[in-house]
């Protein structure tokens, strides 16, 4: 009998049961997040995964990068209650419904009264209606986000122009009843969430905050080794409570985009609804202008999807729970204490600021390698009697490549290798981004009907010059099956004729299939 081996996986990987990332990303992703001990999905509420220690440490390291950025930019951390009374949600829904109607009718929102229509999160929230056996007079819900809770307090904190800008943030769990298919980190019902909320004296100062937020995004994504698309969402995809929204999307291996962050410029619309005013220099009351900047655990989902391979995760060094794992070669009756030498090496590296794990389990070396490979530890150091005698340690990079490293200057040597691993991940992900972005096929009118000359290829993202109408956009979405991500924050260098109207424009619009 002849055994056929799938060579694209390799004989070792076939035994491990890891699906092929390239051939079946939708099977590879859920397998990897559990096999690498990031989460356990067996909790008896769908969409609410249990964070395992390895996954939670990774998420906390991402959080620490965000904390650092917040401190550098003079944001202060807060922690608001989980429960919000129903009347505040009604207030938000009325505001959102009014702004949505004003946008649709093209009129000033101030000319309209608040609507009774449900326009916010009411259909997505989890309700709390009893305390013990007592029915609550005012039902409460678990926060889906925190605008209503925070903006109830802002008028108590803001009195004068001297109180501005107010810049606060929190890292909490939010809850939304997601009815679509759940997927770890990407689409869940309990969301690990970062949100920054700011209040400013005027629109110009709030706009400067949005620019600062986008600079923070760039620095964070550089450390996560993730290329991103920053796009100002089209009007029909902007949160009705916002003047405009900028979405930050990562690109997954299958070419779909995953929104990992967003920035909203609210102008003074929420301030008017919640009466957030300050006394200006002329001793007159003036409404604040506000912004929000949010991110979620989707960042970790993007890291898993972009950097992993058929052997498991590949953790960017900046967020790897263990940047270095040391595997001492354990041999019976050996006169050399490799475990002791490994512990000494680990202490040296820890004192140098690196996160290190010594794997001294008395098991086959191959099993150790597999365990740390699937967890994506960037750098493995093998230490045997011969290495100790030669004053070296044998280094294996998770991105590929092996080499001996001198023990002299080992901290700096490891730092250099980790830096090179980060650069390699950035290069790989950037190449992937360049490969998937293409120009949208030409559109022509034939007897009054639009036709597309060419085909949309699955797994690709498309860009085009666009200065057309909403009707043109609707035609494009219908014929392509793609979603408008919006105007890229970086325009074309020179004017190009609009894809539909033919008018010269520098506007670069991005379209993709999204999660």
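Residue numbers (the working numbering): 8 to 522.
Glycine included, every Cβ here is placed at the ideal spot set by N, Cα and C.
On a predicted model such as this, the values are computed, not experimentally measured, just so you know.
Beta-carbon separation of residue i and residue j under 8 Å?
i: residue 311; j: residue 40; result: yes
i: residue 220; j: residue 172; result: no
i: residue 391; j: residue 336; result: yes
i: residue 428; j: residue 324; result: yes
i: residue 414; j: residue 400; result: yes
i: residue 153; j: residue 202; result: yes
i: residue 362; j: residue 328; result: yes
i: residue 132; j: residue 90; result: no
i: residue 80; j: residue 223; result: yes
i: residue 491; j: residue 234; result: no
i: residue 246; j: residue 159; result: no
i: residue 56; j: residue 179; result: no
i: residue 381; j: residue 319; result: yes
i: residue 518; j: residue 469; result: yes
i: residue 189; j: residue 53; result: yes
i: residue 322; j: residue 385; result: yes
Using three-state DSSP, classify residue i as helix, strand or coil.
i: residue 239; result: strand
i: residue 470; result: strand
i: residue 510; result: coil
i: residue 330; result: coil
i: residue 392; result: helix
i: residue 60; result: helix
i: residue 442; result: helix
i: residue 247; result: coil
i: residue 345; result: helix
i: residue 312; result: helix
i: residue 270; result: strand
i: residue 382; result: helix
i: residue 275; result: coil
i: residue 83; result: strand
i: residue 420; result: helix
i: residue 483; result: helix
i: residue 105; result: helix
i: residue 322; result: coil
i: residue 403; result: strand
i: residue 98; result: helix
i: residue 476; result: coil
i: residue 141; result: strand
i: residue 259; result: coil
i: residue 191; result: coil
i: residue 358; result: helix
i: residue 180; result: strand
i: residue 488; result: coil
When burial is assigned at 16 or more other CB atoms within 10 Å of the CB, is residue i buried or exposed?
i: residue 288; result: exposed
i: residue 244; result: exposed
i: residue 137; result: exposed
i: residue 438; result: exposed
i: residue 50; result: exposed
i: residue 333; result: buried
i: residue 28; result: buried
i: residue 493; result: buried
i: residue 186; result: exposed
i: residue 191; result: buried
i: residue 303; result: buried
i: residue 509; result: exposed
i: residue 389; result: buried
What is the C-beta distance between residue i and residue j, in whole angstroms, given that I count them as a contact (C-beta under 8 Å)?
i: residue 71; j: residue 232; result: Going by Cβ atoms, the distance from residue 71 to residue 232 rounds to 17 Å, so no, they are not a contact pair.
i: residue 471; j: residue 447; result: 4 Å
i: residue 486; j: residue 459; result: 5 Å
i: residue 271; j: residue 209; result: With a Cβ gap of about 17 Å, residue 271 and residue 209 do not count as contacting.
i: residue 502; j: residue 515; result: Rounded, the Cβ-Cβ distance is 11 Å, inconsistent with contact.
i: residue 383; j: residue 43; result: 7 Å
i: residue 326; j: residue 68; result: 4 Å
i: residue 145; j: residue 94; result: 6 Å
Which residues in the same chain have their Cβ closer than 8 Å to the Cβ of residue i, if we skip the five residues on either side of it in sequence?
i: residue 22; result: Note on residue 22: pLDDT 46, under 50, position unreliable in the model; the coordinate value appears next. Around residue 22: no qualifying Cβ.
i: residue 35; result: 25, 26, 27, 28, 315, 317
i: residue 251; result: 239, 240, 245, 271, 272
i: residue 151; result: 128, 131, 132, 181, 182, 183
Using C-beta distances below 7 Å, list every residue in its chain close to residue i, excluding the 5 sequence neighbours before and after it, in chain order.
i: residue 248; result: 102, 103, 106, 273, 276, 277
i: residue 157; result: 87, 204
i: residue 467; result: 262, 443, 445
i: residue 410; result: 402
Heavy atom of the ligand PLP less than 7 Å from the Cβ of residue i, yes or no?
i: residue 269; result: The ligand PLP is not part of the structure shown, which contains no ligands of any sort.
With a threshold of 6 Å on Cβ separation, who are the neighbours of residue i within its own chain once the five nearest residues in sequence on each side are excluded?
i: residue 482; result: 457
i: residue 375; result: 334, 366
i: residue 182; result: 133, 149, 197
i: residue 83; result: 175
i: residue 2; result: Residue numbering for the chain in the displayed model covers 8 to 522; residue 2 lies beyond these limits and cannot be assessed.
Please report whether the beta-carbon of residue i lies at a distance below 8 Å from any beta-carbon of chain D.
i: residue 218; result: No chain D appears in the structure shown, which is made up of a single protein chain.
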